[in-house]
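Here is the structure we will look at.
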Amino acid sequence: MTSPLLSSGRPHAARAQDPAVPAPGRRRLGLDAGKRRAGLKFVAPALVLLIILDVAPILTELFYSFTKFSLLKPAHLVGFAEYEALFSDPVFWHSVLRTFYFAGVLVVVGIAVSLGVAVLLTQTIIGTTFYRIVIFLPQTVSYAAGALIWVWLFNPTSGPINTLISSLGGPSIGWLSSPGIAMPSLLIVSLWRDTGYYMLVFLAALANVPTELYEAAHLDGAGSIRTFREVVLPSIRPAMLFVLLTWTLGALQMFTQAYVMTNGGPGNATLSVVLDIYKEGFQDLSLGYASAESFVVFLFCLVLSLVYVRWFRTRID
Amino acid sequence: MPYTKRKRRSSRRIVLSIVATFVSIIFAIPIVVAVLTSFKSNSQVFTTSSLSLPHGINLSSYWQVLTEGGFGHFLLNSLIVAGIGSAVQVVAATMAGYALARLPFPGRSAVFWLVLVTLMLPPQLLVIALFLLVARVPFAGGNGLLSGGGTGLLNSYPGLIAPYLISGLSVFLMRQFFLGLPEELADSGRVDGCSEGTLFVRIFVPLIRPAVWVVLLLGFQSAWLDLLWPLLVANTPSLYTVQVGLTTFQQEYTAEWPLIMASAIISSIPVVIIFFFAQRRLEKGLAFTGFK
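Note that the protein sequences, when read in sequence, are chains A and B. All residue numbers for the first sequence refer to the working numbering, where the first residue is 1 and numbers rise by one. All residue numbers for the second sequence refer to the working numbering, where the first residue is 318 and numbers rise by one.
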């Protein structure tokens, strides 16, 4: 099955015109020239915006990563000095590890939950529309608003969760204040907020699996687990790649939850790379350093995306 | 043994329903608690259970959030920023997607590769350079043509909207949708003497309308959610988006939970309304987007 998401730059084969329609050579030439002019015109607005808003910034960032630069003093070139400082900074590596930990757990658990829920809601049970709306509801709450709601739920002294635990005789848990638990708490918030959307993506993909495939598997005597592994999973692979890519890249850019709920604490336990870039760049005004950090993380993301795409392509063949 | 089989099936159905109910409750509880808390007074919050009903529906927190908190204005700012950003994005992306899929023009594969690279550029990693570029826009905010020193478009609507005007992902998705349509559609139109613009507007755009809705919603959502960029660019409350408003409100009213919950709920209402009306279109669009 070919998917739009996986077919890459397929050259657009110039199709022969319908033989039923006589197309004199001159007129066809005119058509192609018209197409060419139209193509340039149609692509121009997006191209100009991409160059100004994506290409120029990444090149600017690359340039400033070789400078020492605070907003107060003009930039001066220092070669790889900021990169050297970055690579020898334990806080940077710590934030990279914390971010990968966050993204890894979120994506793995998240895919299991959202796919599981999607499969559950394709079963013949009553009220699937209702369940779907409820699970999608957190998606309407922004990360900042969701973080605020959970700051209250996690409140150590009077928050609902600890109140419930203490009424059952349990200990008071520092959801956001103990270093080992703070990141899992942010993961709970993110999982709660994100699952609805990816559930919808999986539901759309599951709806497109041809019923004949299920019937064939049934005739072969495959049980539900084998059917899932050998029929469902291969059929929804394009959706899986989409979810994996967007969720991973989104999680690697985590900022709002940490900014609102913990400000990176306790003791940098929830310091994501983007929060670190924000602090370095706009609180300490080390813009050269923060540029180098952004560029390195960008390379991490690029490599990871390419690995995903590659991995999925080879598995499709 | 049709009887036992039917019985087994119905007991399976009951188990699945219980699981689905349980999962839904877990997802719903935070919102339920937030709504209940927002209706209580500050003292009630600490004396009653968080799942207990408030004494009547007390809307004073909402009133305070809208008047003292200024959330009406923040919501309007967010709607302007996300609305304009996503509208420009979807128009530019639809046109470019059409050209990349259907119109051979010189340099097309180069443009496509550019789109693929920008697709993998996480926007939050560009904020430093975007900030510096926006601050240097010529002839704005006290800047000369090349001399910086002024504030450029910082602290202005154009500066706030800028990053959301385009996204490589939107262009890429639109191209993929157009690739899925049969070319013959256009041929008949061309023979009838339609211009490329007419073909695009009259034939192709109506056919991919579900996808246009998905791209519009995704663009709106990502601009609406963003906190980092408006945090950097908007320095006066009159330009705060709702996400910035939420974080400053939290710092100002620490531990006044009914107020904070009311602010979180008010900030979500526009998105609830949008999804309520767009839900059918979103599902149709996702089904259309080729996750086959």
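For each residue, glycine too, the CB sits at the ideal point set by N, CA and C.
Which residues bound the beta strand (DSSP E) around residue i?
i	result
Ser-70 (chain A)	67-70
Cβ atoms of residue j and residue i: under 8 Å apart, would you say?
i	j	result
Ala-551 (chain B)	Val-561 (chain B)	yes
Ala-75 (chain A)	Tyr-83 (chain A)	no
Asn-472 (chain B)	Thr-553 (chain B)	yes
Leu-420 (chain B)	Ala-81 (chain A)	no
Thr-195 (chain A)	Val-307 (chain A)	no
Ile-483 (chain B)	Leu-49 (chain A)	yes
Leu-333 (chain B)	Ile-125 (chain A)	yes
Met-437 (chain B)	Ser-294 (chain A)	no
Ser-377 (chain B)	Val-141 (chain A)	no
Val-243 (chain A)	Ile-111 (chain A)	yes
Pro-439 (chain B)	Gln-257 (chain A)	no
Gln-567 (chain B)	Val-260 (chain A)	yes
Ala-351 (chain B)	Ala-581 (chain B)	yes
Val-407 (chain B)	Val-529 (chain B)	yes
Ala-274 (chain B)	Val-398 (chain B)	This structure cannot settle anything about residue 274 (chain B), because the visible part of chain B is limited to 318 through 609.
Leu-477 (chain B)	Leu-603 (chain B)	no
Val-432 (chain B)	Phe-489 (chain B)	yes
Leu-611 (chain B)	Arg-329 (chain B)	What the structure shows of chain B is the stretch from 318 to 609, and residue 611 (chain B) is not part of that stretch, so it cannot be assessed.
Leu-86 (chain A)	Ala-292 (chain A)	yes
Val-297 (chain A)	Val-273 (chain A)	yes
Ala-410 (chain B)	Val-531 (chain B)	no
Ile-445 (chain B)	Glu-215 (chain A)	no
Leu-241 (chain A)	Phe-312 (chain A)	yes
Phe-422 (chain B)	Arg-36 (chain A)	yes
Ala-46 (chain A)	Met-412 (chain B)	yes
Arg-598 (chain B)	Pro-527 (chain B)	yes
Exposed or buried, residue i, counting other C-beta atoms within 10 Å across all chains shown (16 or more means buried)?
i	result
Ala-33 (chain A)	exposed
Phe-593 (chain B)	exposed
Gln-283 (chain A)	exposed
Val-189 (chain A)	buried
Thr-384 (chain B)	exposed
Glu-569 (chain B)	exposed
Ile-374 (chain B)	exposed
Lys-73 (chain A)	exposed
Arg-132 (chain A)	buried
Gly-485 (chain B)	buried
Thr-324 (chain A)	Within the shown structure, residues of chain A are numbered from 1 to 317, placing residue 324 (chain A) beyond reach of any answer.
Asn-162 (chain A)	buried
Ile-236 (chain A)	buried
Gln-123 (chain A)	exposed
Thr-99 (chain A)	buried
Ala-616 (chain B)	Nothing in the structure corresponds to residue 616 (chain B), since chain B is present only between 318 and 609.
Asp-317 (chain A)	A caution first: Asp-317 (chain A) carries a pLDDT of 45, below 50, which makes its placement in the model unreliable, though a value can still be read off. Under this definition Asp-317 (chain A) is an exposed residue.
Leu-359 (chain B)	According to the sequence displayed, residue 359 (chain B) carries Asn and not Leu. Per the 10 Å Cβ criterion, exposed.
Val-589 (chain B)	exposed
Phe-456 (chain B)	exposed
Arg-26 (chain A)	The predicted position of Arg-26 (chain A) is uncertain, since its pLDDT is 44 and thus under 50; a value taken from the coordinates is nonetheless stated next. Exposed, because fewer than 16 other Cβ atoms sit within 10 Å of the Cβ of Arg-26 (chain A).
Val-21 (chain A)	Since pLDDT at Val-21 (chain A) reaches only 43, below the 50 mark, its modelled position is unreliable, and the value read off the structure follows with that caveat. The residue is exposed, with fewer than 16 neighbouring Cβ atoms inside 10 Å.
Thr-558 (chain B)	buried
Ser-356 (chain A)	Absent from the model: residue 356 (chain A). The displayed extent of chain A is 1 to 317, so no value can be given.
Arg-15 (chain A)	With a pLDDT of 41 at Arg-15 (chain A), under the threshold of 50, the predicted position of this residue should be treated as unreliable, though the coordinate-derived value follows. Exposed, since its Cβ has fewer than 16 Cβ neighbours within 10 Å.
Ile-342 (chain B)	exposed
Counting along the chain, where does the alpha helix (DSSP H) carrying residue i start and finish?
i	result
Ala-269 (chain A)	Here Ala-269 (chain A) belongs to no alpha helix (DSSP H), and DSSP marks it neither H nor E.
Ala-399 (chain B)	388-419
Tyr-481 (chain B)	Here Tyr-481 (chain B) belongs to no alpha helix (DSSP H), and DSSP marks it neither H nor E.
Val-451 (chain B)	444-452
Met-261 (chain A)	256-261
Pro-238 (chain A)	237-252
Phe-363 (chain B)	359-364
Ile-374 (chain B)	First-last for Ile-374 (chain B): undefined, no H or E at that position.
Phe-63 (chain A)	56-64
Thr-468 (chain B)	Taken as a continuous stretch (DSSP letters only), Thr-468 (chain B) belongs to no alpha helix (DSSP H), as it is neither H nor E.
Ser-426 (chain B)	425-436
Gly-514 (chain B)	513-516
Going by DSSP, what residues sit across from residue i in a beta bridge?
i	result
Lys-73 (chain A)	A:Ser-70
Report task. Any chance you could list the beta strand (DSSP E) runs of at least 3 consecutive residues sitting entirely within the segment 75-153 of chain A, in chain order? Result -> Whole beta strand (DSSP E) segments, 3+ residues: zero.
**Report entry** Complete runs of the alpha helix (DSSP H) confined to the segment 519-576 of chain B [at least 4 residues]
**Finding:** Listed in chain order, they are 526-542, 545-550 and 559-569.
Query raised in the report: Taking only runs of the alpha helix (DSSP H) that begin and end inside the segment 146-234 of chain A, which ones reach a length of at least 4 residues, in chain order?
Result: Counting whole runs of 4 or more residues, the segment 146-234 of chain A contains the alpha helix (DSSP H) stretches 160-167, 179-207, 211-219 and 224-227.
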